[in-house]
Amino acid sequence: MVSGETTTGARCVAAVPCWVSLMARDLEVARGFYGPLLGWEFEPGPDRFGPYVHAVTGGEAVAGLGVAGIGAVPPAWTSYFGTESVDAAADAVRERGATLAVGPLAFDAGRVAFAADPAGAVFGIWEGPLGRARRLDLPGAPVWIELRTPDPFAAALFYGAVFRWDGRDPEHFEVRWEHDRVVLRAEGHSVAALAKEQAGGPAGMPPHWEVSFAVPDTDRALARALELGGSAVGPAFDSPYGRVARLLDGEGARFAVISPKG
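Numbering of the sequence shown is given in numbering that gives the first Met the number 0, commencing with residue 0 and proceeding in unit increments.
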């Protein structure tokens with residue numbers, strides 16, 4: 000993931016994931032799990048729609064944690080793509096037969112909408128003050144965002160249309176085929192990908208954007224997650240981008256940890 004220039008999560012980088020947020024059933028339970036696991040501290044965030052905090056590491060706000068309402072969808076992490084116009088992106092979602100679930104509406108220092116792509120993967124759309132793209136190489140920061148979907152090429156056509164991937168300045172943004180994935184690169188860094196979900200993957204896994212947080216040692220982080228009440232979605236494995244462990248937190252939200260390659 001790339002970030003803007005502030006620690007509030009308010010700035011955005013267009014066309015790529017620039018923020019992640021968890022909707023939990025119990026905010027204190029989530030804090031008690033992710034804080035020790037990822038070394039996060041917490042600061043109050045905007046509470047217009049209920050309790051919400053920013054997770055902070057190394058002085059940077061790297062994620063948001065809020066509370067899902069009664070009867071809401073199960074606890075889950077959502078990846079937000081930056082855009083110059085949430086209205087234009089929302090229109091593009093509708094025009095391509097996908098689902099616009101919420102918004103666009105005002106939130107904090109910008110505007111937000113929530114959508115599901117044609118395969119059902121949920122994502123957020125964030126319009127805020129534009130910031131300079133930079134990679135957050137910090138323990139506990141979300142450093143890799145990957146769509147797990149049956150048809151990554153169809154997904155790339157959809158997201159490319161919604162976020163105007165074609166025609167952007169290749170000096171700052173590009174889409175390439177890399178390690179059997181459609182990969183997004185910003186300012187020379189691979190920051191996100193769209194990958195085919197393997198037939199041998201965990202049963203019942205719907206298409207989703209998987210958020211991977213940086214840790215110094217994936218195997219130790221996996222063991223710590225189990226101690227804290229989480230569970231593993233298969234064994235840790237080596238990927239082209241680092242060693243990965245896919246996990247569920249204590250409430251069932253899916254995420255991953257990764258020891259990034261240098």
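All C-beta atoms in this analysis are idealised placements derived from N, C-alpha and C, irrespective of residue type, glycine included.
What is the rounded straight-line gap between the Cα of glycine 65 and the Cα of valine 142? Taking the sequence shown and counting its residues from 1, one reaches residue 65 at position 66. Taking the sequence shown and counting its residues from 1, one reaches residue 142 at position 143. Looking at the two C-alpha atoms, the distance is approximately 21 Å.
Taking the alpha helix (DSSP H) that threonine 82 belongs to, which residues open and close that run? The residue labelled residue 82 in the question sits at position 83 within the sequence shown. It is not in any alpha helix (DSSP H) - threonine 82 carries neither H nor E in the DSSP assignment.
Do three or more CB pairs link the stretch 90–102 to the stretch 136–155 at distances below 8 Å? The stretch 90–102 vs the stretch 136–155: no contact.
How many angstroms separate the CA atom of valine 15 from the CA atom of alanine 191? Taking the first residue of the sequence shown as 1, we reach residue 15 at position 16. Taking the first residue of the sequence shown as 1, we reach residue 191 at position 192. Annotation: valine 15 to alanine 191 spans about 8 Å, alpha carbon to alpha carbon.
Continuous beta strand (DSSP E) stretch holding glutamate 126: start and end: For the purposes of this step, residue 126 is taken as the residue at position 127 of the sequence shown. Start and end: 121–126.
When the Cβ atoms of the stretch 101–112 are set against those of the stretch 178–186, are three or more pairs found closer than 8 Å? They do not touch, by the three-pair rule.
Can you name, in chain order, every residue of its own chain whose Cβ lies under 6 Å from the Cβ of alanine 244, other than the five neighbours on each side? As a position in the sequence shown, residue 244 is number 245, starting the count at 1. Around alanine 244: Thr217, Leu221, Ala235, Val256.
Buried or exposed by the 16-neighbour rule on C-beta atoms within 10 Å, applied to glutamate 94: Locating residue 94 in the sequence shown gives position 95, where the first residue counts as 1. So glutamate 94 ends up on the exposed side.
Please determine if the stretch 226–235 and the stretch 172–181 are in contact, where contact requires at least 3 C-beta pairs separated by less than 8 Å. Contact between the stretch 226–235 and the stretch 172–181 is absent, because fewer than three Cβ pairs lie under 8 Å.
Closer than 7 Å: is that where the CB of phenylalanine 113 sits relative to any heavy atom of the ligand GTP? In terms of ligand content, the structure shown is empty, and the ligand GTP therefore cannot be addressed.
Here's a check: name, in chain order, each residue in its chain whose Cβ is nearer than 6 Å to the Cβ of tyrosine 79, leaving out the five neighbours to either side. Position 80 of the sequence shown, counted from the first residue, corresponds to residue 79. Here the set comprises Trp18, Gly123, Trp125.
How would you label phenylalanine 152, buried or exposed, when you count the other beta carbons within 10 angstroms and need 16 or more for buried? In the sequence shown, residue 152 corresponds to position 153, counting from 1. Phenylalanine 152 comes out exposed.
Using the Cβ count rule (16 or more neighbours within 10 Å means buried), how would you classify arginine 253? Position 254 of the sequence shown, counted from the first residue, corresponds to residue 253. Around the beta-carbon of arginine 253, 16 or more other beta-carbon atoms lie within 10 Å, marking it buried.
For leucine 104, does the count of other Cβ atoms within 10 angstroms reach 16, so buried, or fall short, so exposed? Position 105 of the sequence shown, counted from the first residue, corresponds to residue 104. The residue in question, leucine 104, is exposed, as its Cβ has fewer than 16 Cβ neighbours within 10 Å.
For the beta strand (DSSP E) containing tyrosine 51, name the first residue and the last one. Here residue 51 refers to the residue found at position 52 of the sequence shown. Note, tyrosine 51: beta strand (DSSP E), 51–56.
Measure the C-alpha to C-alpha separation of glutamate 196 and glycine 34 and round it to an integer number of angstroms. Walking along the sequence shown from the start, residue 196 turns up at place 197. Walking along the sequence shown from the start, residue 34 turns up at place 35. Here the alpha carbon of glutamate 196 sits roughly 30 Å from the alpha carbon of glycine 34.
Proline 43, buried or exposed, once every other Cβ within 10 Å from all chains shown has been counted against 16: Within the sequence shown, the letter at position 44 stands for residue 43. Proline 43 should be labelled exposed.
Does DSSP classify alanine 280 as helix, strand or coil? Within the shown structure, residues of the chain are numbered from 0 to 261, placing residue 280 beyond reach of any answer.
Return the Cβ separation of alanine 329 and alanine 118 in integer angstroms, given the expectation that the two are a contact with Cβ distance under 8 Å. Since the first residue of the chain shown is 0 and the last is 261, residue 329 is not available in this structure.
Through-space distance from alanine 29 to methionine 282, alpha-carbon basis: Here the chain covers residues 0 to 261 and nothing more, so residue 282 does not appear.
Where do the N-terminal and C-terminal ends of the alpha helix (DSSP H) with glycine 102 fall, by residue? Residue 102 sits at position 103 when you count from the first residue of the sequence shown. Here glycine 102 belongs to no alpha helix (DSSP H); instead the beta strand (DSSP E) covers 98–106.
For glutamate 27, count neighbouring C-beta atoms within 10 Å of its own C-beta (all shown protein chains included) and say buried if the count is 16 or more, exposed if not. As a first step, residue 27 is located in the sequence shown; it is residue number 28 there, counting from the start. In the assembly as shown, glutamate 27 is an exposed residue. Its beta-carbon has fewer than 16 other beta-carbons within 10 Å.
Nearest CA to the CA of valine 210: which residue from Ala194, Ser238, Ile144, Gly166? As a position in the sequence shown, residue 210 is number 211, starting the count at 1. Ranking Ala194, Ser238, Ile144, Gly166 by Cα distance to valine 210 puts Ile144 first.
What is the DSSP secondary structure of leucine 64, counted as helix, strand or coil? Position 65 of the sequence shown holds residue 64. DSSP places leucine 64 in the strand class (E or B) of the three-state scheme.
Hey, leucine 36 and leucine 225: beta-carbon distance below 8 Å or not? In the sequence shown, residue 36 corresponds to position 37, counting from 1. In the sequence shown, residue 225 corresponds to position 226, counting from 1. For leucine 36 and leucine 225, no; Cβs fall outside 8 Å.
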